[in-house]
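Residue numbers (this note's numbering), protein chains in the order written: chain A, 18 to 402; chain B, 38 to 412.
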């Protein structure tokens with residue numbers, strides 16, 4: 018039992034040690050390059066933690082089963098990009114939108130440096146939420162796994178549209194030169210710290226809003242219907258409407274995550290939003306961290322992205338050729354197996370869900386009596402008739 | 038924000054109520070008529086694509102029958118099925134050629150493989166492959182059957198004993214899908230492979246109103262699919278095991294209290310599903326290619342077939358797979374144009390999206406599928 022309690026801090030420390038020591042050693046203990054490496058790492062963790070928090074609302078709290086995170090992630094990133102970029106001019110680069118400069122005339126604090134980004138993120142959240150709304154109509158009332166299958170399908174369909182429709186968002190070549198908020202105010206070398214601050218700020222806002230939301234009556238209804246839809250319906254709650262809200266809120270957060278991802282990278286292409294990178298790793302993050310716990314979602318993002326980064330770092334070492342040429346596949350194998358191992362050995366994740374959630378009564382962080390992923394007993398027929 | 042959503046939800050509720058108040062026979066007949074009309078149109082205008090669609094559909098059917106049996110009997114969506122299919126194809130490749138990847142460009146070949154048996158690679162008749170591939174396929178089916186039973190013991194059975202919900206199984210299978218794909222990439226590398234390289238001639242067949250071209254391999258694929266489907270049918274409806282499997286599909290608890298050893302039924306379901314999907318993988322690789330990334334993409338048509346036919350219904354999966362296969366292939370030939378302007382040229386990239394669209398319409402109209410019973 019004691020070793021069990023040490024697992025969370027130990028895994029945190031192991032990942033932290035590895036991502037500090039490996040780049041430090043490779044750069045000859047150069048302080049500056051380690052700091053800049055860690056900043057880039059932490060920025061990505063913050064962005065992916067936002068998306069994992071979105072998944073946590075859907076799966077951890079509402080019990081809505083989304084296997085198409087890539088779709089919402091992609092819609093968010095592309096919406097933000099076409100909102101903030103200038104209009105397409107070249108014949109070879111075609112995309113819709115390009116509203117970046119249309120707000121620059123507004124007179125507050127050099128609005129071109131930040132206002133389009135706020136709008137871009139808002140639009141990303143709205144588009145992603147609208148997609149979730151449209152998807153919830155045929156599937157949310159059916160068994161949970163139908164939604165999973167449909168969301169995978171929609172994510173792949175959207176990716177096919179992005180790749181195929183040349184005038185939409187520049188197909189396979191993707192969008193490059195996405196502007197970055199406050200970029201012109203800072204030295205290029207310092208900008209990464211600024212963007213780290215922005216990403217963390219977004220993460221904190223989303224985290225606090227969710228903590229507040231989940232400790233409200235609304236959040237408790239979501240949890241209740243995750244555990245038992247029938248009982249929740251019998252208590253007079255509109256199960257479908259609440260499920261839809263949970264799904265849409267989660268999708269909007271994924272859209273926000275997609276938008277800050279686009280600003281950070283400066284370029285996006287459909288290659289990023291494959292089922293593997295766009296969907297699975299977020300599931301791995303949530304399962305490892307602990308579904309139903311916002312802090313767990315963030316910790317999971319940290320640990321899984323830590324493993325990801327370590328495998329990249331390992332490339333620089335003198336490994337046997339067999340391992341070196343396959344390091345990415347070995348990493349994928351590791352992350353896939355990690356999901357299964359966590360489900361088997363520690364189904365509640367590293368930070369299990371809190372048993373009581375209220376803004377008023379004291380917090381009880383003891384282990385839950387049941388695993389949090391228990392769904393109501395499945396029936397063989399979809400509950401539609 | 039809540040109010041318009043609640044309003045929309047109410048509207049949907051009414052629409053849904055309207056659909057579910059229609060007599061079942063009306064919707065079923067309407068869906069069947071639409072499919073029949075589409076297929077008649079397709080046969081007359083795109084006969085070549087329809088024939089390819091039937092072949093792809095029969096391959097999909099082998100995968101979908103396994104998927105629907107697992108779905109119906111163990112009550113969970115096995116997201117690893119597509120990758121298991123591809124792994125089956127690769128294992129057959131391994132036994133046939135003994136090749137594994139050393140690095141990005143070079144292969145290592147084992148000193149002995151089934152392909153080095155005397156005459157194993159000699160083409161049989163007009164087919165492109167020899168008996169080596171057939172033996173390799175049988176071996177691959179056995180290996181995959183053992184593998185999925187092993188995974189059931191290792192992963193799914195502990196989850197079952199803990200009483201986990203359907204979603205936990207689905208997430209576990211997603212993890213396994215990821216691991217399987219990674220394993221194929223590690224062993225055989227990311228580049229597509231073929232069982233037999235070279236250009237294969239197709240024969241022309243005159244159907245009276247049109248001519249089609251077809252390779253001997255494709256006729257073989259269809260024949261294998263038909264034979265295996267018939268065997269599954271006999272197994273399900275003529276043996277005691279089949280009876281037990283159907284009983285567990287209908288009501289697992291009732292089956293258990295009636296003295297059916299459900300764990301044994303689960304094991305046999307994995308064996309049958311695994312063997313079928315391995316053969317399907319080999320046939321698909323013959324029709325297309327061996328490609329580790331194809332496995333996950335294949336999930337969409339497989340699930341679409343399963344949902345279309347009704348979960349747990351093998352004959353439904355067969356019909357569903359045919360509809361999905363034909364629609365996918367015919368979609369490539371669709372070019373809707375009005376007054377000479379193309380408005381909807383469907384690019385080949387949308388092939389797999391057709392399955393998604395069919396699936397969503399089916400979920401809207403008749404979520405229990407064509408052959409499923411109404412709840």
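Don't be surprised by glycine CBs; every beta carbon is placed ideally from N, CA and C.
Cα-Cα, which of the options is closest to residue i?
i                     : options                   : result
residue 361 (chain B) : B:395, B:330, B:149       : B:395
residue 283 (chain B) : B:111, B:83, B:387        : B:111
residue 41 (chain A)  : A:51, A:35, A:216         : A:51
residue 244 (chain B) : B:60, B:408, B:84         : B:84
residue 307 (chain A) : A:296, A:359, A:143       : A:359
residue 168 (chain B) : B:201, B:59, B:233, B:363 : B:233
residue 259 (chain A) : A:55, A:78, A:85, A:290   : A:78
residue 100 (chain A) : A:212, A:231, A:112, A:43 : A:112
residue 222 (chain A) : A:273, A:141, A:58, A:114 : A:273
residue 335 (chain B) : B:213, B:117, B:345       : B:117
residue 156 (chain B) : B:87, B:308, B:69, B:133  : B:133
residue 82 (chain B)  : B:109, B:267, B:247       : B:247
residue 413 (chain B) : B:240, B:270, B:52, B:344 : In the structure displayed, chain B extends from 38 to 412; residue 413 (chain B) sits before or after that span and is not available.
residue 58 (chain A)  : A:35, A:152, A:289, A:291 : A:35
Taking the C-alpha atoms as reference points, what is the distance between residue i and residue j?
i                     : j                     : result
residue 181 (chain B) : residue 88 (chain A)  : 32 Å
residue 186 (chain B) : residue 114 (chain B) : 16 Å
residue 68 (chain A)  : residue 102 (chain B) : 36 Å
residue 210 (chain B) : residue 71 (chain A)  : 22 Å
residue 89 (chain B)  : residue 238 (chain B) : 15 Å
residue 191 (chain A) : residue 287 (chain A) : 7 Å
residue 208 (chain A) : residue 329 (chain A) : 23 Å
residue 223 (chain B) : residue 344 (chain A) : 9 Å
residue 184 (chain B) : residue 353 (chain A) : 17 Å
residue 139 (chain A) : residue 276 (chain A) : 9 Å
residue 231 (chain A) : residue 237 (chain A) : 7 Å
residue 401 (chain B) : residue 271 (chain A) : 26 Å
residue 302 (chain A) : residue 351 (chain A) : 13 Å
residue 24 (chain A)  : residue 370 (chain A) : 16 Å
residue 314 (chain B) : residue 255 (chain A) : 41 Å
residue 186 (chain A) : residue 194 (chain B) : 46 Å
residue 341 (chain B) : residue 392 (chain B) : 6 Å
residue 39 (chain A)  : residue 327 (chain A) : 8 Å
residue 272 (chain B) : residue 100 (chain B) : 17 Å
residue 368 (chain B) : residue 193 (chain A) : 32 Å
residue 65 (chain B)  : residue 130 (chain B) : 42 Å
Which residues mark the beginning and the end of the beta strand (DSSP E) in which residue i is found?
i                     : result
residue 4 (chain B)   : An answer regarding residue 4 (chain B) cannot be provided, because it is not within the stretch 38 to 412 covered by chain B.
residue 146 (chain B) : 144-146
residue 254 (chain A) : From DSSP, residue 254 (chain A) is part of no beta strand (DSSP E); its letter is neither H nor E.
residue 138 (chain B) : 136-138
Which residue marks the beginning of the alpha helix (DSSP H) containing residue i, and which one marks its end?
i                     : result
residue 95 (chain A)  : 86-101
residue 168 (chain B) : 168-188
residue 403 (chain A) : The structure shown does not extend to residue 403 (chain A), since chain A is modelled only from 18 to 402, so the question has no answer here.
residue 112 (chain B) : Careful: residue 112 (chain B) lies outside any alpha helix (DSSP H) and carries neither H nor E.
residue 240 (chain B) : No alpha helix (DSSP H) holds residue 240 (chain B); the beta strand (DSSP E) holding it covers 240-243.
residue 150 (chain A) : 132-156
residue 172 (chain A) : 161-181
residue 70 (chain A)  : 48-72
residue 298 (chain A) : 298-306
residue 163 (chain B) : No alpha helix (DSSP H) holds residue 163 (chain B); DSSP gives it neither H nor E.
residue 369 (chain B) : First-last for residue 369 (chain B): undefined, no H or E at that position.
Can you pull the chain C neighbours of residue i, defined as C-beta to C-beta under 8 Å?
i                     : result
residue 163 (chain A) : The question asks about chain C, but that chain is absent: this structure's protein chains are A and B.
Just to check, is the beta-carbon of residue i closer than 6 Å to a non-hydrogen atom of the ligand HEM?
i                    : result
residue 49 (chain A) : Among the components of this structure there are no ligands whatsoever, and the ligand HEM is therefore not found.
The stretch 216-231 of chain B in contact with the stretch 137-152 of chain B per 3-pair CB rule at 8 Å: yes
Contact between the stretch 94-104 of chain A and the stretch 270-288 of chain A (3+ Cβ pairs under 8 Å): With the cut-off at 8 Å, the stretch 94-104 of chain A and the stretch 270-288 of chain A touch.
The stretch 151-163 of chain A contacting the stretch 387-403 of chain B, beta-carbon criterion three pairs below 8 Å: Touching, per the Cβ criterion.
The stretch 310-327 of chain B / the stretch 63-76 of chain B touching (three or more Cβ pairs under 8 Å): The stretch 310-327 of chain B is not in contact with the stretch 63-76 of chain B.
Cβ pair count under 8 Å reaching 3, the stretch 327-340 of chain B against the stretch 123-135 of chain B: yes
Inter-stretch contact (C-beta, 8 Å, three-pair minimum) for the stretch 160-175 of chain B and the stretch 347-360 of chain B: no
Contact between the stretch 52-63 of chain A and the stretch 210-219 of chain A (3+ Cβ pairs under 8 Å): yes
Three or more C-beta pairs below 8 Å linking the stretch 307-323 of chain A and the stretch 30-46 of chain A: yes
The stretch 260-273 of chain B contacting the stretch 92-99 of chain B, beta-carbon criterion three pairs below 8 Å: Flag = yes, the stretch 260-273 of chain B and the stretch 92-99 of chain B touch.
Entirely enclosed alpha helix (DSSP H) segments - the stretch 202-283 of chain A, minimum 4 residues: 205-231, 234-244, 246-251, 256-282
Segments assigned alpha helix (DSSP H), at least 4 residues, entirely inside the stretch 69-108 of chain B: none
Residue ranges of each alpha helix (DSSP H) within the stretch 183-225 of chain B, 4 or longer: 194-198, 203-225
Minimum length 4: unbroken alpha helix (DSSP H) runs contained in the stretch 323-351 of chain B: Listed in chain order, they are 331-346.
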